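The structure under discussion appears below in the form of structure tokens.
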Amino acid sequence: MAGYMIDARHIIKRFYVGEPNELEILHGMDFKIPTGQFVSIVGQSGSGKSTLMNIIGALDRPTEGEYFLNGTNVGLANDKELSEIRNRHIGFVFQNFNLISRTSALKNVELPMMYAGVSAADRKRHALELLELVEMSDRASHMPNELSGGQKQRIAIARAMANDPAIILADEPTGALDSRTGRMVMDLFHKLHREQGKTIVLITHNGELAAETERIITISDGNIISDSLPPEAAQGAQSTQDKQEQAVQNEQTQETAAQGAQPRNEAEAVLSRKEVG
Ligand SMILES: Nc1ncnc2c1ncn2[C@@H]1O[C@H](COP(=O)(O)OP(=O)(O)OP(=O)(O)O)[C@@H](O)[C@H]1O
Ligand SMILES: [Mg+2]
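What the sequence shown shows, in the working numbering, is residues 773 to 1049, in sequence order.
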């Protein structure tokens, strides 16, 4: 699996499993995203984008199928391991910014480092660097309600970068912004991709922004209906070593028989959980 940041194998997501109102939202998605790729996921409202993002971001586990994030089988991780994975490897960016309202821009950026146990001096220094990266140094002491939407989103991106995640997951990050401000945010993603080699997964309704990324995955009604990469690249041509690794992992999976992960859908909750944690 070397080289793939995201390796999703026949991901099925159901809610209310076993109840009369059981709902299957994702019907079996297969895709791989190589390390360092900038990919967009597009699809109509209700098609399952955020549900998929919750799985990609290890906020939720698939009901069936296997999901490997940077080589870790997310379906087999316990809750503590999942939150570790999120804190260390993933930077989340949301449509509504999700900044902690009574806390300065600087402290918002420091938060993920606090949970990762970084010392006060180090996290302040790094948070200031990140604010510089997003050109928000002069707003470090401002509260979120003293910032414009685009400024808030830049703070949120700085926060997403705090623990130097390998992957940035952004769910409609420009959805609440006017086009000029959305442009600034998009330019920032391009910069992180180009200069820092981040793997970026961008969920967007904006076809023009999607067209700027290296790959567009279109989903409809819980299925991938198109992928701008050719099929062998999208599924990942397997090497013999990959196959061997997979065989070992399949065995382990069967042994551990991951059972009944509780759906925890609200991606946003992760941040507030982190806040109190
Ligand atoms: N926790 C849940 N329990 C039950 N159904 C859910 C849950 N989360 C999402 N769904 C359903 O799954 C479907 C897909 O929702 P999802 O939020 O993934 O759509 P989306 O593509 O992100 O839409 P939008 O573009 O509006 O954000 C919807 O029909 C939604 O009602
Ligand atoms: Mg959504």
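No residue lacks a Cβ here, since even glycine has one placed at the ideal position from N, Cα and C.
Note that the structure is a prediction, hence the values are computed from the model and not measured.
Query, Result
"Spatial distance of residue 904 from residue 839 (CA atoms)", "35 Å"
"Heavy atom of ligand 2 within 7 Å of residue 924 beta-carbon", "no"
"N-terminal and C-terminal residue of the beta strand (DSSP E) that residue 808 is part of", "Here residue 808 belongs to no beta strand (DSSP E), and DSSP marks it neither H nor E."
"Reference residue 955, options 830, 941, 925, 775, closest by Cα", "925"
"Three-way DSSP call (helix, strand, coil) for residue 861 in this model", "helix"
"Inter-residue spacing [alpha-carbon to alpha-carbon] between residue 820 and residue 991", "7 Å"
"DSSP beta-bridge partners of residue 839", "780"
"Backbone CA spacing between residue 964 and residue 898 [nearest angstrom]", "16 Å"
"Span separating the alpha-carbon of residue 923 from that of residue 908", "7 Å"
"Per DSSP, cross-strand counterpart(s) of residue 942", "865, 974"
"Closest Cα partner of residue 996 within the set 880, 815, 866", "815"
"Enclosing alpha helix (DSSP H) for residue 951 [first to last residue]", "951-968"
"CB contact flag (residue 919, residue 877, <8 Å)", "yes"
"C-alpha distance - residue 779 paired with residue 806, whole-angstrom precision", "8 Å"
"Residue 870 versus residue 934 - alpha carbon distance", "15 Å"
"Residue closest to residue 945, alpha-carbon to alpha-carbon, out of 937, 957, 952", "957"
"Check: residue 920 C-beta below 7 Å from any heavy atom of ligand 1", "no"
"Whole-angstrom distance between residue 851 and residue 831, CA atom to CA atom", "9 Å"
"Cβ-heavy atom distance, residue 812 to ligand 2, below 7 Å", "no"
"Rounded separation between residue 785 and residue 879 - CA only", "36 Å"
"Residue 941 and residue 825 closer than 8 Å at C-beta", "yes"
"Closest residue to residue 987 among 916, 789, 812, 795 (Cα-Cα distance)", "812"
"Any non-hydrogen atom of ligand 2 within 7 Å of residue 785 CB", "no"
"Strand pairing of residue 796, partner residues [DSSP]", "786"
"Run of the alpha helix (DSSP H) containing residue 894, from where it starts to where it stops", "892-905"
"Assigned exposure category for residue 917 - 16 Cβ within 10 Å defines buried", "exposed"
"Proximity of residue 994 and residue 798 at Cβ, strictly below 8 Å", "yes"
"For residue 870, three-class secondary structure by DSSP", "coil"
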